[in-house]
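Take a look at the structure below.
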Amino acid sequence: MVFWLTIVVSLLIAVPPVAAGLFLSVVYLYVRWRYMGFLTRIFQEKPLFVVPRGEPDPLASEVTIAAADGLALRGCYIPTTAPERKGVILFGLEFGSNRWACRQYCQALIASGYDVFAVETRNQGESERDANYEPLQWVTDRDVSDMRSAVAYLKSRPDAPANGIGIFGISKGGSTGLIVAAADPWVKCVVTDGMYGTHTTLVPYMQRWIQIYSGNRRIQKVLPNWFYGAIGTVGVKKVARNRGVTYPSVEKAAAKLFRPLLMIHGGGDTYIKPEMAQSLFARATGRKKLWVVPNAKHNQALHVATDDYNRTVTEFFDRHLAKKALEAVG
148 MVFWLTIVVS LLIAVPPVAA GLFLSVVYLY VRWRYMGFLT RIFQEKPLFV
198 VPRGEPDPLA SEVTIAAADG LALRGCYIPT TAPERKGVIL FGLEFGSNRW
248 ACRQYCQALI ASGYDVFAVE TRNQGESERD ANYEPLQWVT DRDVSDMRSA
298 VAYLKSRPDA PANGIGIFGI SKGGSTGLIV AAADPWVKCV VTDGMYGTHT
348 TLVPYMQRWI QIYSGNRRIQ KVLPNWFYGA IGTVGVKKVA RNRGVTYPSV
398 EKAAAKLFRP LLMIHGGGDT YIKPEMAQSL FARATGRKKL WVVPNAKHNQ
448 ALHVATDDYN RTVTEFFDRH LAKKALEAVG
């Protein structure tokens, strides 16, 4: 097969561009045949993260809400310790953490005037398990549905803010929160830390895998990014069928947000590299800011730049959530 690919590449040097379609078709079939197994295997591997788990807060209220299919989801509602409430923030947990992990990220917000609500999605923490579902680090339709149930709960509370809420999500929780926010105008603004999308993460990794497993540098140089994206899409759909889920596009959600977005990312993140975050950020619409924290690993920006982190996140919500609430009252 490699021999024939080499022949095709050689012919293209002398053949008009109309032959490019034939060339790409041959390469497409070859790459699918040669590398699809690597793609589907790696896409289903769990990351080796040290997942934070917080301790219960005595000021918090334990909450159990029903998912769309009736599963019981465990959450905690932490009221502000300030004299007056500025707003309500839904916190999106990273993969594998428990609901109390929100405390380390939200202490400054709680002290500043924000109530915080965090929910463990199905099969995570103490939430009920779905026997037909095994969560991974990639956002699925189940994750999105469970977070929408959390938004519905906040809307149903007697003290629901009339002006809407903000979302603050870490890693997978940020990606899920962005998808939910893009379809719900009641979410007024979004902060993410370590967020990632399937396409903008998968394509660079695919290019790297093929460099490792293929010695044909000439083919690697001529393949465009969209070609890798097409192969990746096929692989993701195959995994989705096997796992009985769908993987919604974070990239498409970013393009539909049209509301303020603050993306935080670690400059030393070797899992979701800064250029992957920049590619996803470029797709976002509306008012947006990307803050790359130097030397911070994945989800470690808070620990590297604690004071700046707390101040930046609080000021963002003050500007785009609390200020909107005051304007609505006025």
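Just so you know, we're using our numbering here: the sequence shown kicks off at 148 and counts up by one.
From the three backbone atoms N, C-alpha and C, an ideal C-beta is built for every residue, glycine too.
The structure displayed is predicted, hence computed values, not measured ones.
About 5 Å separates the beta carbon of ILE236 from that of PHE315, a gap short enough to meet the 8 Å contact definition. Within the same chain, no residue comes within 6 Å of ASN389 by CB-CB distance, once the 5 residues on both sides are set aside. In its chain, beyond the 5 residues on either side, HIS346 have a beta carbon closer than 8 Å to the beta carbon of THR380.
A distance below 8 Å separates the beta carbons of PRO395 and VAL291. For the pair ALA299 and GLU398, the Cα-to-Cα distance works out to about 24 Å. Residue environment for GLN284: buried (at least 16 other C-beta atoms within 10 angstroms of its C-beta).
Rounded to whole angstroms, the Cβ separation of ILE212 and ALA278 is 20 Å, and the two are not in contact under 8 Å.
In the structure shown, the three-state DSSP call for MET342 is coil.
DSSP, read as helix, strand or coil, puts LYS399 in helix. Counting along the chain, LYS436 sits inside the beta strand (DSSP E) bounded by residues 435-440.
In this structure, VAL338 lies away from VAL439, with their beta-carbon atoms at least 8 Å apart.
When only Cα atoms are considered, ALA265 and PRO351 end up about 32 Å apart.
In the structure shown, the three-state DSSP call for PHE242 is coil.
For ILE326, the enclosing alpha helix (DSSP H) covers residues 319-330. Secondary structure of GLY201 (DSSP, three-state): coil.
The closest CA to that of LEU427, considering only LEU256, GLY344 and VAL327, is found on GLY344. Here THR227 has ILE257, GLY260, TYR261 and ASP262 as same chain residues with Cβ atoms under 6 Å from its own Cβ, once five neighbours each way along the sequence are excluded. About 7 Å separates the CB atoms of ILE317 and GLY239; that is less than 8 Å, so the two are in contact.
The beta carbon of GLY201 lies closer than 6 Å to those of TRP247, ALA248 and ARG250 in the same chain, with the five residues before and after it left out. Looking at the DSSP output, CYS253 sits in no beta bridge, so it has no partner there. THR287 and ARG295 have their C-alpha atoms some 13 Å from each other.
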